[in-house]
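Step one of this worksheet: look at the structure below.
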Amino acid sequence: MADRALPQIDTNPLQVVQDPRVVSGAMGVLGANLLRKALFTQQRSVFGYAAKGSDGRIRYYENADEAKKGDAGKQIASAYQRRIFLHLGYVLFGTLAMSYGKEARKDDVLSSTDDTTLMVKYAGLGFAASGFANLVMTLFNIE
1 MADRALPQID
11 TNPLQVVQDP
21 RVVSGAMGVL
31 GANLLRKALF
41 TQQRSVFGYA
51 AKGSDGRIRY
61 YENADEAKKG
71 DAGKQIASAY
81 QRRIFLHLGY
91 VLFGTLAMSY
101 GKEARKDDVL
111 SSTDDTTLMV
121 KYAGLGFAAS
131 GFANLVMTLF
141 NIE
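Below you can see the structure in the form of structure tokens.
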């Protein structure tokens, strides 16, 4: 098992930030969050406008004006479920991206920094991690 140990990452902060694995994972998270923001902004009729209700829970309204009315505003009943399914889709897509390509050699586990396949896998990891974090936030009404 010792021969399959993960490579040590340098403790120099600049080298850590420049590591292609870190950059790829961060790009996956950034891409997922930009896509989420674009979808939620452009598809308000599907995902609603999130605002806290009088009881402190997140409610999904048709637009910002309805949200200002509070609990009397017109809500989108299925927006909560749609958001959950979207985030599950992010996790699924990220997982599929992580399983993309051929397997790494046993003597080179996650150590090849110039391999595009590994970069896609780390970007998929970031995408899935972002989807999972947003899923948990939606389930526990953290927005």
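Mapped onto full-length UniProt numbering, the consecutive letters of the sequence shown carry residue numbers 1 to 143.
We put the beta carbon where it would ideally sit given N, CA and C, even for glycine.
Annotation: the continuous beta strand (DSSP E) that includes K52 extends over Y49 to K52.
R59 sits in a strand when the DSSP states are folded into three classes.
Here the C-alpha atom of V17 lies approximately 45 Å from the C-alpha atom of K69.
In summary, I76 is buried, with 16 or more beta-carbon neighbours lying within 10 Å of its beta-carbon over all protein chains present.
When the five nearest sequence neighbours on each side are left out, no beta carbon in the same chain lies closer than 7 Å to the beta carbon of V136. Taking C-beta atoms as the reference points, L39 and L86 count as a pair closer than 8 Å. If you look at S24, you'll find it in the alpha helix (DSSP H) that goes P20 to Q42.
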